[in-house]
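Protein chains in written order, with the numbering used here: chain X, 1 to 114; chain B, 115 to 227.
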Amino acid sequence: DTGVSQDPRHKITKRGQNVTFRCDPISEHNRLYWYRQTLGQGPEFLTYFQNEAQLEKSRLLSDRFSAERPKGSFSTLEIQRTEQGDSAMYLCASSLAGGLETQYFGPGTRLLVL
Amino acid sequence: TQLLEQSPQFLSIQEGENLTVYCNSSSVFSSLQWYRQEPGEGPVLLVTVVTGGEVKKLKRLTFQFGDARKDSSLHITAAQPGDTGLYLCAGAESGAGSYQLTFGKGTKLSVIP
């Protein structure tokens with residue numbers, strides 16, 4: 001049973017650099033979500049896909065953030081011109097449409113912007 | 115914006131004690147999920163509750179969804195050091211095409227041997 005995987009697990013970058021994170025959902029899941037979690041807070045929703053369609057992106061934090069899911073399988077989240085305030089844990093989750101819509105989370109990518 | 119408030123924020127208890135943590139909102143959720151999160155890891159699903167008044171048990175953990183589907187509680191019996199972690203509740207928003215989860219800030223539980 002393969003769960004949600006994320007790569008890399010940790011990323012250290014300098015302010016102003018671009019970073020890209022990858023998420024591989026549970027194979028039969030057609031919905032994929034991105035969340036951000038800062039210290040002492042619960043995860044905060046960013047965006048979600050159903051298959052390859054990005055159905056909600058108004059919660060992306062700024063136009064520096066973008067996400068793709070080109071073939072309806074894995075997804076990438078890109079942050080351009082990183083800022084120190086972008087330092088956080090970026091979490092990916094997936095679910096199967098219909099039923100309980102339970103979301104299963106990956107281990108996250110910890111980003112540190114210096 | 116729907117908000118979930120969790121209480122207490124921090125809880126430190128001795129092994130063998132019982133505890134209850136709460137998750138409250140003024141909004142109605144179509145379902146509510148409880149997760150446990152270890153430092154540096156993603157949240158791990160414990161349970162999903164859907165029906166108002168529903169009670170689910172997972173070994174020593176008992177979850178209840180309020181009758182009005184606005185609140186939930188998690189009760190742990192005879193806590194063990196392995197129960198230590200951050201407990202998060204998350205509500206699924208109702209609405210066409212909207213499946214995002216709204217999370218509380220969590221309850222950080224420490225069980226002392």
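Every residue gets a Cβ at the ideal spot worked out from N, C-alpha and C, and that includes glycine.
All figures in this text were calculated on a predicted structure; none of them were measured in a lab.
DSSP state of residue i mapped onto helix, strand, coil
| i | result |
| --- | --- |
| Gln84 of chain X | helix |
| Arg15 of chain X | coil |
Residues near residue i by beta carbon distance below 6 angstroms, same chain, minus five either side
| i | result |
| --- | --- |
| Glu78 of chain X | Thr20, Ser66 |
| Asn51 of chain X | Asn30, Gly72 |
Neighbour list for residue i in chain B, Cβ cutoff strictly below 7 angstroms
| i | result |
| --- | --- |
| Arg69 of chain X | Residues of chain B passing the Cβ test: none, with the nearest at roughly 15 angstroms. |
| Glu52 of chain X | Neighbours of Glu52 of chain X on chain B: none; closest Cβ ~16 angstroms, over 7 angstroms. |
Beta carbon proximity, residue i to chain D, threshold 7 angstroms
| i | result |
| --- | --- |
| Gly130 of chain B | Reference to chain D is not applicable here, since the protein chains of this structure are X and B. |
Run of the beta strand (DSSP E) containing residue i, from where it starts to where it stops
| i | result |
| --- | --- |
| Arg31 of chain X | 31-37 |
| Gly205 of chain B | 199-206 |
| Val169 of chain B | 169-172 |
| Phe74 of chain X | First-last for Phe74 of chain X: undefined, no H or E at that position. |
| Gln194 of chain B | Premise fails: Gln194 of chain B is in no beta strand (DSSP E) and is neither H nor E. |
Cβ distance (whole Å) where residue i is taken to contact residue j below 8 angstroms
| i | j | result |
| --- | --- | --- |
| Ser5 of chain X | Leu32 of chain X | Rounded, the Cβ-Cβ distance is 12 angstroms, inconsistent with contact. |
| Phe217 of chain B | Gly42 of chain X | 3 angstroms |
| Leu242 of chain B | Lys173 of chain B | Residue 242 of chain B falls outside the range modelled here, since chain B spans only 115 to 227, and no answer is possible. |
| Leu96 of chain X | Glu28 of chain X | 6 angstroms |
| Ala206 of chain B | Val142 of chain B | The Cβ separation is near 11 angstroms, so there is no contact. |
Contacting residues, own chain, Cβ-Cβ under 7 angstroms from residue i (five flanking each side not counted)
| i | result |
| --- | --- |
| Arg64 of chain X | Ile79, Gln80, Arg81 |
| Leu160 of chain B | Trp148, Tyr149, Arg150, Leu172, Leu175 |
Listed by chain order, chain B residues near residue i by CB distance under 8 angstroms
| i | result |
| --- | --- |
| Tyr48 of chain X | Tyr213, Gln214 |
Beta-carbon contacts of residue i that lie in its chain and below 8 angstroms, excluding the five residues immediately before and after
| i | result |
| --- | --- |
| Leu133 of chain B | Leu125, Ile127, His189, Ile190, Ala193, Leu223 |
Within chain X, partners of residue i - CB distance below 7 angstroms
| i | result |
| --- | --- |
| Thr162 of chain B | Leu100, Thr102 |
Per-residue contacts from residue i into chain B (C-beta, under 9 angstroms)
| i | result |
| --- | --- |
| Tyr33 of chain X | Tyr213, Gln214, Leu215 |
Cross-chain neighbours of residue i in chain X, by beta carbon under 9 angstroms
| i | result |
| --- | --- |
| Leu159 of chain B | Thr102, Gln103, Tyr104, Phe105 |
Proximal chain X residues relative to residue i, where beta-carbon distance stays under 8 angstroms
| i | result |
| --- | --- |
| Glu155 of chain B | Pro107, Gly108 |
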